[in-house]
Amino acid sequence: IKNIHPIFHIKELMIKRELAKDETLKNESWDRFLPKFKKKNVQRKKPKVIRQKKEYTPFPPAQTPSKVDLQIESGEYFLSQKARRAKKFEDKQEKQARKTEENKRKREEAF
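Heads up, the sequence shown is in this note's numbering, so the first residue is 2 and it goes up one at a time.
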């Protein structure tokens with residue numbers, strides 16, 4: 002019980018002095034009158050994790066190209082609305098065909 006405020010020691014001494022004066026309690030055990038301190042399981046603060054600093058670069062990273070920039074690069078930006086839809090549909094069909102082929106192979110492997 003090291004971690005107790007000093008005022009409680011003074012309080013304990015005052016109680017003992019009063020009990021010593023009383024004739025009936027002079028020869029009895031004073032434990033019931035003295036304060037009892039419960040041990041508290043106090044959570045301690047964990048030390049902060051120090052991260053290593055990254056090397057400083059004066060230039061920011063290259064900007065990622067926007068959706069429009071990517072369309073201009075591929076030439077899709079200059080296509081008509083109808084042509085865009087047709088190309089999108091074609092890509093979707095191609096992807097679907099690849100996926101079905103792959104699933105067929107997996108089923109064949111199972112047998």
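We put the beta carbon where it would ideally sit given N, CA and C, even for glycine.
Which of helix, strand or coil DSSP assigns to residue i
{"i": "residue 48", "result": "coil"}
{"i": "residue 23", "result": "coil"}
{"i": "residue 68", "result": "helix"}
{"i": "residue 77", "result": "helix"}
{"i": "residue 58", "result": "coil"}
{"i": "residue 32", "result": "coil"}
{"i": "residue 63", "result": "coil"}
{"i": "residue 6", "result": "coil"}
{"i": "residue 53", "result": "coil"}
{"i": "residue 90", "result": "helix"}
{"i": "residue 17", "result": "helix"}
{"i": "residue 37", "result": "coil"}
8 angstroms contact criterion, which residue i and residue j should meet: CB distance rounded
{"i": "residue 31", "j": "residue 17", "result": "7 angstroms"}
{"i": "residue 91", "j": "residue 85", "result": "Contact flag wrong, Cβ pair sits at about 11 angstroms."}
{"i": "residue 20", "j": "residue 26", "result": "5 angstroms"}
Proximity test, residue i beta-carbon vs the ligand PLP heavy atom, cut-off 8 angstroms
{"i": "residue 52", "result": "As far as ligands go, the structure on display features none, and thus does not contain the ligand PLP."}
Pick from the options that is closest to residue i, judged by C-alpha positions
{"i": "residue 43", "options": "4, 67 and 29", "result": "4"}
Next on the checklist: Check whether the segment 35-53 and the segment 2-16 touch, using three or more Cβ-Cβ pairs below 8 angstroms as the test.
Outcome noted: The segment 35-53, when compared against the segment 2-16, does touch it at the 8 angstroms Cβ threshold.
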